[in-house]
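J.: Numbering-wise, the sequence shown is residues 8 to 397 according to the numbering used here.
Cβ atoms here follow ideal geometry from the backbone N, Cα and C, with glycine treated the same way.
Below you will find the structure I want to go over with you.
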Amino acid sequence: MRVGERQQALDALLPVFYDLWHPQPFRENQPDWSLNLPALADELLKLADPDVACLNEDGAAALDLLARHVPAVAEIAGLADLPRRPANALVEQRASWAWEIPGRKRQQIEAFASASQCGAGSVIDWCGGKGHLGRLLAAQWQVPVHTLEIDAALCAEGAALANRQRLSHEFLNIDALTAADWPKRGQHAVALHACGDLHRRLIAQGADVGVARFDVAPCCYYRGVTSTYQALSGNLRTALTRDDVRLAVTETVTASARLTVQRDKEMAWKLGFDAYRRASSGGQYQNFKPVPAIWFRGSFNEFLVLMADRQGLSLPSAAVSGEFEAAGWRRHGEVMRLSIVRHAFRRALEVWLALDLAVFLENRGYAVELGSFCERQLTPRNLLISARLG
Ligand SMILES: C[S@@+](CC[C@H](N)C(=O)[O-])C[C@H]1O[C@@H](n2cnc3c(N)ncnc32)[C@H](O)[C@@H]1O
């Protein structure tokens, strides 16, 4: 299916299910859909913990469950399921090329490189960190590579690694958001996990100057979005708030068990504080400023006192805090279960965001393919936009 066709179909369907993916059970004790679909809410609230964990991470399984209650969502699954990009064999490198690269990152880089095809006289590696991807491409494709990176220390380390291999690989220690002279006409632009505005700038500016090829694996689409996402490819029916855009990238498939336990505790404690706030002053869920990590290291009572003090509420006694800690964990269980509905749409929203970039390039005369370059266990941000000027 062409990217334009897929975009039209997905863009028409997503607004139909807005009431399922937009409400955040963390903020709303009872999302409206749970009143209209009581059997769905009932099934979710009865799920065992291991099933909840699986369904929150496995969007396809969550869509299957949802489709038993709302059959029309099944179409979303087909549109969000993209083909794997064909992989080319890489020329064998000496093991030393990758000494400095953590295992998972190395696999991502190799998968990205094998899904991209050399097609221009020079490469710009956009927001490339230490330039591991750029270094591999310089060795594989034997073309000059520039890695653009804002962090001077990463540039210095990357340059030392490139020198060790005597590659034509240089670093540009500049800001991607203001770089006026890069990328250049006729170049091959690659970007592995350049966040939000960084990948959008590459694509918009690159199309303006006539970049010959793009291979872009976007991430953190919400970075640089203030209140609503501004589509690049034209007027679309789906409108996403910053929180909706964030939803597209919230799965923790690569998080360690320790981080998952920590995340659960933080959510339960915040919900415990929310229960205290509602009991003290009533009303709806209220946003609060980010909570310093150190506040989660003590007891729940200490956390609650710090939060109440910051929000100008009366301070809780140790005697009542147990009640609110229990309420927080109870709400955490409900939120994790009801969030399965919203999480079912994560991949579809991410595909919609990537399609916006892909169709923008198609409108500018590029032949564009969108697919995945690796398994999601390696990185959930595994979409690759490959475009070449016709
Ligand atoms: C997620 S990392 C990806 C690095 C590399 N492409 C990789 O996959 O290993 C994003 C990189 O973008 C860089 N960065 C952030 N803001 C930038 C900016 N405004 N201009 C250039 N680089 C930037 C960061 O320093 C970081 O190295």
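Where does W106 land, buried or exposed, given buried means 16+ other C-beta within 10 angstroms?
T.: With fewer than 16 other Cβ atoms within 10 Å, it is exposed.
J.: Could you tell me the boundaries of the alpha helix (DSSP H) in which L179 lies?
T.: It is not in any alpha helix (DSSP H) - L179 instead sits in the beta strand (DSSP E) that spans 176-179.
J.: According to DSSP, E376 sits in a beta bridge with which residue or residues?
T.: Answer by DSSP bridge pairing, in chain order: S393.
J.: Helix, strand or coil for H339 per DSSP?
T.: Note: H339 maps to helix in three-state DSSP.
J.: Looking only at its own chain, which residues have a Cβ that is under 6 Å from the Cβ of E357, when we skip the five neighbours before and after it?
T.: Cβ within range, chain order: A255.
J.: How would you label Y25, buried or exposed, when you count the other beta carbons within 10 angstroms and need 16 or more for buried?
T.: Per the 10 Å Cβ criterion, exposed.
J.: Would DSSP call T235 helix, strand or coil?
T.: If DSSP states are grouped into helix, strand and coil, T235 belongs with the strands.
J.: In the DSSP assignment, what are the bridge partners of C134?
T.: Paired residue(s): none; C134 is not in a bridge.
J.: Distance, Cα to Cα, V232 vs Q14?
T.: Each residue's alpha carbon lies about 21 Å from the other.
J.: Below 7 Å, is the gap between the Cβ of H139 and the nearest heavy atom of ligand 1?
T.: Within the cutoff, so yes.
J.: Is K112 near ligand 1 - that is, is its Cβ less than 7 Å away from at least one heavy atom of it?
T.: At least one heavy atom of ligand 1 is nearer than 7 Å to the Cβ of K112, so yes.
J.: Measuring only the C-alpha atoms, how far is Q149 from E12?
T.: Rounded to the nearest angstrom, the two C-alpha atoms are 37 Å apart.
J.: What did DSSP end up calling V348 once you bin it into helix, strand or coil?
T.: Looking at V348 - three-state DSSP - the assignment turns out to be helix.
J.: What did DSSP end up calling H195 once you bin it into helix, strand or coil?
T.: Three-state result, H195: strand.
J.: Would DSSP call L362 helix, strand or coil?
T.: Note: L362 maps to helix in three-state DSSP.
J.: Ligand 1 and H206: does the residue's C-beta get closer than 7 Å to at least one heavy atom of that ligand?
T.: Answer for H206: no, Cβ out of range of ligand 1.
J.: Is any non-hydrogen atom of ligand 1 found closer than 7 Å to the C-beta of D182, if you look at the structure I gave you?
T.: At least one heavy atom of ligand 1 is nearer than 7 Å to the Cβ of D182, so yes.
J.: Using a threshold of 8 Å, state whether the C-beta atoms of A183 and I157 are closer than that.
T.: Their beta carbons are under 8 Å apart, which means A183 touches I157 by this criterion.
J.: Do P38 and P30 have their C-beta atoms closer together than 8 Å?
T.: Contact: yes.
J.: Taking the beta strand (DSSP E) that A224 belongs to, which residues open and close that run?
T.: Segment 220-226, the beta strand (DSSP E) holding A224.
J.: Using only CA atoms, which one of Q147, H176, L385, G335 lies nearest to R111?
T.: The residue with the shortest Cα to Cα distance from R111 is L385.
J.: Pick from G138, A87, A334, A69: whose alpha carbon is nearest that of L47?
T.: For the residues G138, A87, A334, A69, the minimum Cα distance to L47 belongs to A69.
J.: Just verifying my parser: in three-state terms, what is the DSSP assignment at R91?
T.: Of the three classes helix, strand and coil, the one that applies to R91 here is strand, per DSSP.
J.: Buried or exposed: which applies to T235, given that a residue is buried once 16 or more other Cβ atoms fall within 10 Å of its Cβ?
T.: Exposed, by the Cβ-count rule.
J.: If I measure Cβ to Cβ from W276 and keep anything under 7 Å in the same chain, skipping five residues before and after, which residues do I get?
T.: Contacts found: F303, F307, F310, G335.
J.: Below 8 Å, can you find three or more Cβ-Cβ pairs linking the stretch 358-368 to the stretch 378-393?
T.: Yes: the two stretches touch, three or more of their Cβ pairs being nearer than 8 Å.
J.: Using a 10 Å radius around the Cβ and a threshold of 16 neighbouring Cβ atoms, would you call T245 buried or exposed?
T.: T245 comes out buried.
J.: Tell me, which residues are paired with C202 by DSSP?
T.: DSSP output for C202 lists C226 as bridge partner(s).
J.: Using a Cβ-based criterion (distance less than 7 Å to any ligand heavy atom), does H29 qualify as near ligand 1?
T.: Not under cutoff, so the answer is no.
J.: Is it right to say V268 is buried, meaning 16 or more other beta carbons lie within 10 angstroms of its own, or is it exposed?
T.: With fewer than 16 Cβ atoms within 10 Å of its Cβ, V268 is classed as exposed.
J.: For L266, does the count of other Cβ atoms within 10 angstroms reach 16, so buried, or fall short, so exposed?
T.: The residue is exposed, with fewer than 16 neighbouring Cβ atoms inside 10 Å.
J.: I116 and Q194 - do their beta-carbons sit closer together than 8 Å?
T.: For Q194 and I116, no; Cβs fall outside 8 Å.
J.: Which of the three DSSP states, helix, strand or coil, is assigned to L62?
T.: Correct three-state label for L62: helix.
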